[in-house]
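Peer 1: In full-length UniProt numbering, the protein residues as written are 1 to 122.
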């Protein structure tokens, strides 16, 4: 039967390892923590990439919508100008008393001023 004193004379690689289970437990805990951390990092990076992609998609969608709305504004502005011109032509050629005493040019200027004021307040 060997005693502890006998182990002290043995080479270190031949001695039975005391506390090996403690070191193994610590290594296992460390490994478990590292694995959990690695998974958390993967999850975080994936979510970040997903948010970035969603933002990119939304920006492109909003740019397209903005361009479409700008085209609509141009079209409606042209239509409005056409209708104003048509109205002025009709009013100037009309012998009707409906427009008697109205300064049509002044009325249209007031509408333009109101439109400019509403744009500036935004």
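Here a beta-carbon is modelled for each residue, glycine too, at the ideal position from N, C-alpha and C.
1) Which ranges would you report for the beta strand (DSSP E) in the UniProt domain "BZIP" (27-90) if only whole runs of at least 3 residues count?
2) Roughly how many angstroms lie between the CA atoms of residue 78 and residue 113, to the nearest whole one?
3) Roughly how far, in whole angstroms, is the beta-carbon of residue 108 from the beta-carbon of residue 84, given that I think they are within contact range, below 8 Å?
4) Nearest-angstrom Cα distance between residue 49 and residue 87?
5) What number of angstroms, rounded off, separates the C-alpha of residue 76 from the C-alpha of residue 115?
6) In whole angstroms, give me the CA-to-CA distance for residue 58 and residue 43.
Peer 2: In short:
1) none
2) 17 Å
3) 6 Å
4) 56 Å
5) 13 Å
6) 22 Å
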